[in-house]
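Input: a single structure, listed below in structure tokens.
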Amino acid sequence: IPSVSNIVPESCLLIVVGLLVGGLIKGVGEKPPILKSDIFFLFLLPPIILDAGYFLPLRPFTENLGTILIFAVVGTLWNAFFLGGLMYAVCQLGGPGLNHIGLLANLLFGSIISAVDPVAVLAVFEEIHINELLHILVFGESLLNDAVTVVLYHLFEEFASFEQVTILDIILGFLSFFVVSLGGVLVGVIYGLIAAFTSRFTSHIRVIEPLFVFLYSYMAYLSAELFHLSGIMALIAAGVVMRPYVEANISHKSHTTIKYFLKMWSSVSETLIFIFLGVSTVAGHHYWNWTFVISTLFFCLIARVLGVLVLTWFINKFRIVKLTPKDQFIIAYGGLRGAIAFSLGYLLDYKHFGMRDMFLTAIITVIFFTVFVQGMTIRPLVDLLAVKKKQETKRSINEEIHTQFLDHLLTGIEDICGHYGHHHWKDKLNRFNKKYVKKCLIAGERSKEPQLIAFYHKMEMKQAIELVESGGIGKIPSAVSTVSIQNINPQTLPLERVLPALSKDKEEEIRKILRTNLQKTRQRLRSYNRHTLVADPYEEAWNQMLLRRQKARQLEQKMNNYLTVPVHRLDSPTMSRARIGSDPLAYEPKEDSENLPIITIDPASPQSPESVDLMSEEPKGCSGLPPSPEEDEEGLVMRVKEPSSPGTDDVFTPGTSDSPSNQRMLRCLSDPGPRPEPEEGEPFIPKGQ
Numbered sequence: 001i002p003s004v005s006n007i008v009p010e011s012c013l014l015i016v017v018g019l020l021v022g023g024l025i026k027g028v029g030e031k032p033p034i035l036k037s038d039i040f041f042l043f044l045l046p047p048i049i050l051d052a053g054y055f056l057p058l059r060p061f062t063e064n065l066g067t068i069l070i071f072a073v074v075g076t077l078w079n080a081f082f083l084g085g086l087m088y089a090v091c092q093l094g095g096p097g098l099n100h101i102g103l104l105a106n107l108l109f110g111s112i113i114s115a116v117d118p119v120a121v122l123a124v125f126e127e128i129h130i131n132e133l134l135h136i137l138v139f140g141e142s143l144l145n146d147a148v149t150v151v152l153y154h155l156f157e158e159f160a161s162f163e164q165v166t167i168l169d170i171i172l173g174f175l176s177f178f179v180v181s182l183g184g185v186l187v188g189v190i191y192g193l194i195a196a197f198t199s200r201f202t203s204h205i206r207v208i209e210p211l212f213v214f215l216y217s218y219m220a221y222l223s224a225e226l227f228h229l230s231g232i233m234a235l236i237a238a239g240v241v242m243r244p245y246v247e248a249n250i251s252h253k254s255h256t257t258i259k260y261f262l263k264m265w266s267s268v269s270e271t272l273i274f275i276f277l278g279v280s281t282v283a284g285h286h287y288w289n290w291t292f293v294i295s296t297l298f299f300c301l302i303a304r305v306l307g308v309l310v311l312t313w314f315i316n317k318f319r320i321v322k323l324t325p326k327d328q329f330i331i332a333y334g335g336l337r338g339a340i341a342f343s344l345g346y347l348l349d350y351k352h353f354g355m356r357d358m359f360l361t362a363i364i365t366v367i368f369f370t371v372f373v374q375g376m377t378i379r380p381l382v383d384l385l386a387v388k389k390k391q392e393t394k395r396s397i398n399e400e401i402h403t404q405f406l407d408h409l410l411t412g413i414e415d416i417c418g419h420y421g422h423h424h425w426k427d428k429l430n431r432f433n434k435k436y437v438k439k440c441l442i443a444g445e446r447s448k449e450p451q452l453i454a455f456y457h458k459m460e461m462k463q464a465i466e467l468v469e470s471g472g473i474g475k476i477p478s479a480v481s482t483v484s485i486q487n488i489n490p491q492t493l494p495l496e497r498v499l500p501a502l503s504k505d506k507e508e509e510i511r512k513i514l515r516t517n518l519q520k521t522r523q524r525l526r527s528y529n530r531h532t533l534v535a536d537p538y539e540e541a542w543n544q545m546l547l548r549r550q551k552a553r554q555l556e557q558k559m560n561n562y563l564t565v566p567v568h569r570l571d572s573p574t575m576s577r578a579r580i581g582s583d584p585l586a587y588e589p590k591e592d593s594e595n596l597p598i599i600t601i602d603p604a605s606p607q608s609p610e611s612v613d614l615m616s617e618e619p620k621g622c623s624g625l626p627p628s629p630e631e632d633e634e635g636l637v638m639r640v641k642e643p644s645s646p647g648t649d650d651v652f653t654p655g656t657s658d659s660p661s662n663q664r665m666l667r668c669l670s671d672p673g674p675r676p677e678p679e680e681g682e683p684f685i686p687k688g689q
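Residue numbers for the sequence shown follow full-length UniProt numbering, beginning at 1 and rising by one.
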């Protein structure tokens, strides 16, 4: 019935089912089963916490860790002591039925009822799709306050059996908080690393890969509970630590198995917990005291509101993104109580706590009020206050690139400022992880894979699977690549454009037109590096002919301008190479020299300019005298080279009308080099030349 489930949360409906089942069992004369604490803590709670820890959104959790810890630790302590102290005052003033309840018993009751329950928060908040910040603040608080609850519960339970509580006991109790919380985290990290290391060697037994994740996580929980450490924090730490390494090692089928099995397991546990809450309400022994129950409910709400307001006022002094009054209201209103409080109350011993039935009645009343009243009204309130909802859009490669860019940028800014903020330590941790931990825990080449590539592969695989599940794979051609799969949306396929097929002749004709029209641009944009002169291997003969006409016009202008200019000072071989490559026609002999050998100079060859002794060429070429045999032997040595292509040979082949001296004179005068604009008062011919 969708209309009912839209108004009433699933957890409320399950409790109603439990109440009906319990009433039915009691109606036929049987005794209804009660949710025993051992069953709850050993079998029903771990799957829900593992599911929450393994798929925990790590980035928002770590960015808001300080706020979450303040709410979880300071907020829970405030609730426990505020509620316990006020309830002790109520018991002292409440008449003969409550006078015998001491301060320790009330503080123990306050510690049980003060903690926000992760199961109830998950059940309600996932249905209303609240924005990620508020969800992680309330849910993170409900996960991390377990350590405070465990410490306070065991502490006051132990103190109840003491004849006298000393200052030393209180100090040791305070220190035990750090032991319980940090010890639970340490146990979880150890088992998480063992699970990651084990998954490195499971490539030949893919079937049992998911088993290792469940096995080591459950071992972490049991090991922590065995030593009275925080089992919930151990499970969260194990899930967070093992996930990135395990997912890199296991097969995709194993990953899917883990994901769906955890979701199914946690859903079943959640359903059983709420049904058993209803059944236990009918089956349990109750002792109703109006004063105690109503006072408990009222002071629970007052303590929560005051705690959130005071702590948020303090937190906002240090936060960049402030928590608005709307956010504060949702955080205060979302402090739901659940089955953890009921199970802890059920664990109390009648010997030390004779008022256990009254405590259980008050706890069940608070649970029902928070789940039914607050759980049912939070969705309309979120809509009424126009609180920002969760965005369902998937993260893109573009967002990932910009996120990583901003992380590196902020890390660099912190380093420059000398401020070691969380970006600095996060960068250090990432470097250590990449350099050492990944190599030990991830098998094969995946350990060296950049984070962005890994994210791309993950996103590509996810979208391909969604495509297959939605039935869109039948519309894809068989030859499509996995890269192009991600760009196909099966719901709204765009209309394909029909491109006209071109024949080979038509295609060649188009290319020819493009080559002809783009030639001038290409020649104008040609540039040479003075270190490496590489000729274009695709230069055609007609390109050289076009270049010759252009150079001939430039040569005429240069000869008209500089016939009276003395010989320019010779440059280095590298610059000479550049001149030969850029102005080959300057060295072309005229047509009247019949007995000269054919000279071919290849601009791309590094040997051509160095093989010319340019220093000995200057007196020979510019003096106007014929060279002697001795000079010929020592000077320019050139080999006859057969023409390799029409274009190159055509450019450098000499004519028959020029003498060697004219050729050398042309080489000296053809390219005087760059001509700077003469400044005022400066002689045209530089001194010393």
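Every residue, glycine too, gets a C-beta built ideally from N, C-alpha and C.
Find out if the Cβ-Cβ distance for the pair residue i, residue j is shorter than 8 Å.
i, j, result
"GLU132", "PRO244", "no"
"GLY345", "ILE363", "yes"
"TRP78", "ALA303", "yes"
"GLU157", "GLU10", "no"
"ALA115", "ALA339", "no"
"ASN289", "LEU98", "yes"
"GLY22", "VAL366", "no"
"ILE401", "LEU44", "no"
"CYS12", "VAL371", "yes"
"GLN328", "VAL310", "no"
"LEU152", "SER111", "yes"
"PRO46", "LEU235", "yes"
"LYS317", "ILE130", "no"
"GLY184", "GLY231", "yes"
"PHE109", "PHE359", "yes"
"ALA52", "PRO96", "no"
"VAL187", "LEU229", "yes"
I need the straight-line Cα distance from residue i to residue j, nearest angstrom please.
i, j, result
"ASN6", "PHE81", "37 Å"
"HIS285", "LEU137", "36 Å"
"SER623", "GLN557", "Summary for SER623: the model assigns pLDDT 46, below 50, so the residue's position carries little reliability, and this model does not support an answer."
"LEU86", "LEU297", "12 Å"
"GLY278", "THR271", "11 Å"
"residue 697", "PHE197", "Coverage of the chain is limited to positions 1 through 689, which leaves residue 697 absent and any answer about it impossible."
"VAL207", "VAL468", "22 Å"
"PHE353", "ALA105", "7 Å"
"GLY421", "VAL73", "22 Å"
"PHE41", "LEU406", "42 Å"
"residue 732", "ASN64", "The structure shown does not extend to residue 732, since the chain is modelled only from 1 through 689, so no value can be given for it."
"residue 716", "PHE214", "The structure shown does not extend to residue 716, since the chain is modelled only from 1 through 689, so no value can be given for it."
"ILE378", "THR149", "25 Å"
With burial defined as no fewer than 16 other Cβ atoms inside 10 Å of the residue's Cβ, what is the status of residue i: buried or exposed?
i, result
"VAL246", "buried"
"ARG337", "buried"
"VAL240", "buried"
"CYS91", "buried"
"ASN145", "buried"
"ILE1", "exposed"
"GLU509", "exposed"
"GLN374", "buried"
"THR166", "exposed"
"GLU209", "buried"
"CYS300", "buried"
"ASN249", "buried"
"ALA220", "buried"
"ARG356", "buried"
"TYR260", "exposed"
Does any residue of chain B have a CB that is nearer than 8 Å to the CB of residue i?
i, result
"GLY471", "Note that chain B does not occur in the displayed structure, where there is just one protein chain."
Name the one or two DSSP bridge partners that residue i has.
i, result
"LYS389", "ILE130"
Check: At which residue ranges does the segment 181-225 contain complete alpha helix (DSSP H) runs of 4 or more residues, listed in the order of the chain?
Finding: none
Check: For the segment 76-158, which segments carrying the alpha helix (DSSP H) assignment without a break, of at least 4 residues, lie completely within its bounds, in sequence order?
Finding: 76-93, 103-114 and 118-128
Check: Taking the runs of the beta strand (DSSP E) that are 3 residues or longer, which of them lie wholly in the segment 292-354?
Finding: none
Notebook entry, point to check: Can you give, in chain order, each stretch of the alpha helix (DSSP H) that sits fully within the segment 8-55 and has at least 4 residues?
Noted result: 10-27 and 45-54
Item checked: Any alpha helix (DSSP H) of 4 or more consecutive residues that is wholly inside the segment 397-436 -> 397-417 and 422-432
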